[in-house]
Amino acid sequence: MSRRSIPAWHVVRPSPLHGKGVFAACDIPEDTCILEYRGRRITVEEADALPSYSPDDPNHTFFFSLSSGKIIDGGQRGNAARWINHSCEPNCEARENEAGTRLYIYSLRDIAEGEELFFDYALEIDGRKTKKLKEQYRCLCGAPSCRGTMLALPKKKSKKKKDDAEG
325 MSRRSIPAWH
335 VVRPSPLHGK
345 GVFAACDIPE
355 DTCILEYRGR
365 RITVEEADAL
375 PSYSPDDPNH
385 TFFFSLSSGK
395 IIDGGQRGNA
405 ARWINHSCEP
415 NCEARENEAG
425 TRLYIYSLRD
435 IAEGEELFFD
445 YALEIDGRKT
455 KKLKEQYRCL
465 CGAPSCRGTM
475 LALPKKKSKK
485 KKDDAEG
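What the sequence shown shows, in this note's numbering, is residues 325 to 491, in sequence order.
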């Protein structure tokens, strides 16, 4: 997909949720490629060595991990996609190309002009998901199904499955 074939579906402006946000510049149909998440490709080691982009928030980065093992650093040579905020009930999702070298943001449903774009960060952090760690990655989305953190959490076993396992 060439960069020229993607129309300007979005605009960046202050978000009522958090800092800057990306908003639909027009109505966006479901399953539309809105924009590419761009930035410098770096290794995990380079990402670990880089400081936060916000001195007040040491966990604030613009990193996006690819299945190829590379990381896109949207803070370096990035574009508007780095300003898409997290929601536990997103209206967009990130999709890699087949080679695992590029990342595109697609609409999950019809999005109305003026609506803020969100995807679920589902951040993967090694180790135990402590209360303190969850708070460091606190979610501000306010969605009814909000899990309270931008971290990916393990799925809870349902009571029925637990009962079936015991019986």
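Don't be surprised by glycine CBs; every beta carbon is placed ideally from N, CA and C.
With fewer than 16 other Cβ atoms from the protein chains shown falling within 10 Å of its own Cβ, T367 counts as exposed. Taking a contact to require three or more Cβ pairs closer than 8 Å, the segment 340-359 and the segment 388-395 do not qualify as touching.
With contacts defined as CB atoms closer than 8 Å, E440 and N403 fail to qualify as a contacting pair. Boundaries of the beta strand (DSSP E) harbouring L359: C357 to Y361, taken from the DSSP string. Beta-bridge partners assigned by DSSP to F443: H410. With a threshold of 16 other beta carbon atoms within 10 Å, C470 falls short and is exposed. Under the three-state reduction of DSSP output, A332 falls in the coil class, being neither helix nor strand. The beta carbons of F443 and E417 sit closer together than 8 Å.
Using a Cβ distance threshold of 8 Å, Q400 and G424 do not count as a contacting pair. Contact annotation: L475 and I449 have beta-carbon atoms nearer than 8 Å. In this structure, L432 sits near N415, with a CB-CB distance shorter than 8 Å.
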